[in-house]
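Numbering (our numbering), first residue to last: 42 to 260.
Backbone N, C-alpha and C fix where the C-beta goes; we use that ideal spot for every residue, glycine too.
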């Protein structure tokens, strides 16, 4: 009888000790898990979305040239190049088109089409030197193709200055560059700067040099 009581007492003590041990394990486990979770939360890197700044590209330059040079007649394309210019530049372009020297050819130089351009882009200063090739039809009689020169090939070299408006680059200045024959390559003579990068759909092998630049008159 005495041994039975002693055995029951030992069992109760064992159960109590086991319960205490389980409680200690649960409390310690919860504390450790909470600490690890807190540390993980603290160390989780913050992901920041960095918007990549767009640069003046060949696509943007050619987009403007396409709108500016392609037209059925003088002024027909103004609604297409207007969104690609600053307001001041658009007013200047309109004023150029309305000059008597340009109005005199209205109806005689038609069906102008932009073909291609070799572009030298200075991304830092937002400037592009463009050697543009385009065609047009030159009439000798108004509204008649008799004696007309059809698909006449032409070439311009112009300097475009851009300004950034939001994510878009707008033209705010156009200059016509006058070239003269010289010993330097076209790239060296036209640019005179290491900031330009060239882009072209065809190779350029000219020996012209830049003499001067003048404000661009509408073609």
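Neighbourhood of residue i by C-beta distance below 7 angstroms, restricted to the same chain and skipping five residues each side
i, result
"residue 57", "none"
"residue 152", "113, 177 and 178"
"residue 111", "118, 153, 154 and 155"
Spatial distance of residue i from residue j (CA atoms)
i, j, result
"residue 51", "residue 65", "21 angstroms"
"residue 189", "residue 137", "25 angstroms"
"residue 211", "residue 134", "14 angstroms"
"residue 105", "residue 218", "18 angstroms"
"residue 196", "residue 170", "13 angstroms"
"residue 280", "residue 184", "Outside the shown range of the chain, which is 42 to 260, sits residue 280, and nothing can be said about it."
"residue 160", "residue 102", "8 angstroms"
"residue 96", "residue 208", "9 angstroms"
"residue 100", "residue 155", "14 angstroms"
"residue 158", "residue 187", "31 angstroms"
"residue 191", "residue 143", "20 angstroms"
"residue 127", "residue 213", "5 angstroms"
"residue 167", "residue 147", "33 angstroms"
"residue 163", "residue 123", "23 angstroms"
CA nearest to the CA of residue i, picked from the options
i, options, result
"residue 109", "173, 188, 185 and 205", "173"
"residue 199", "208, 216 and 187", "216"
"residue 175", "194, 163, 186 and 187", "194"
"residue 145", "126, 131, 182 and 163", "182"
"residue 141", "162, 115 and 129", "115"
Residue i - partner residues in DSSP beta bridges
i, result
"residue 127", "Bridge partners of residue 127: none, in fact."
"residue 105", "DSSP, once it has assigned bridges, lists no residue as partnering residue 105."
"residue 204", "211"
"residue 175", "155 and 195"
"residue 144", "DSSP output for residue 144 lists no bridge partner at all."
"residue 182", "185"
"residue 132", "DSSP, once it has assigned bridges, lists no residue as partnering residue 132."
is_contact[residue i, chain B] using C-beta, thresh 9 angstroms
i, result
"residue 173", "Absent here is chain B; the protein component of the structure consists of one chain."
Sequence-distant residues of its chain with Cβ nearer than 6 angstroms to residue i (five each side left out)
i, result
"residue 180", "149 and 189"
"residue 131", "123"
Sequence-distant residues of its chain with Cβ nearer than 8 angstroms to residue i (five each side left out)
i, result
"residue 61", "none"
Can at least three beta-carbon pairs, one atom from the stretch 114-125 and one from the stretch 197-207, be found at a separation below 8 angstroms?
no
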